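Report on the structure given below.
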Amino acid sequence: MNWILFAALFFVTWWLVLFVVLPFSLRTQDDDQDVTLGTVSSAPRGPHMLRAFIRATIVTVIVMGVLYGLTMGLGFSFDDIMRIMPDFSPNGSH
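Each residue of the sequence shown is one higher than the last, beginning at 1 in this note's numbering.
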């Protein structure tokens, strides 16, 4: 895997992981019973994006480390996905 592909996969994976970890430990204004006038009670309370960025980066580094280990250490590639997955077709070869 060349570094351009690795960087592109890291970028896409980071964005996906960011949306997964975004709601973790999120405190809303309703949780604190302090709703600011003109906002909904489910609005976030205080800054939490830096923590979400850090968590997303840590999880992405772990995921990409596993991917790197599978591709470089064990020799798997994207072409091997079809060989690894089971055949679910009705006339699948056994």
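For every residue, glycine included, the Cβ atom is placed at its ideal position computed from N, Cα and C.
Remember, predicted model here, so these are calculated numbers, not experimental data.
Residue burial is scored here from C-beta neighbours: A7 has fewer than 16 other C-beta atoms within 10 angstroms and is therefore classed as exposed.
Using a Cβ distance threshold of 9 Å, F88 and A52 do not count as a contacting pair. Counting only runs that start and end inside the region 5–35, there is no alpha helix (DSSP H) element of at least 4 residues. The beta carbon of T57 is closer than 6 Å to none in its chain, skipping five residues each way along the sequence.
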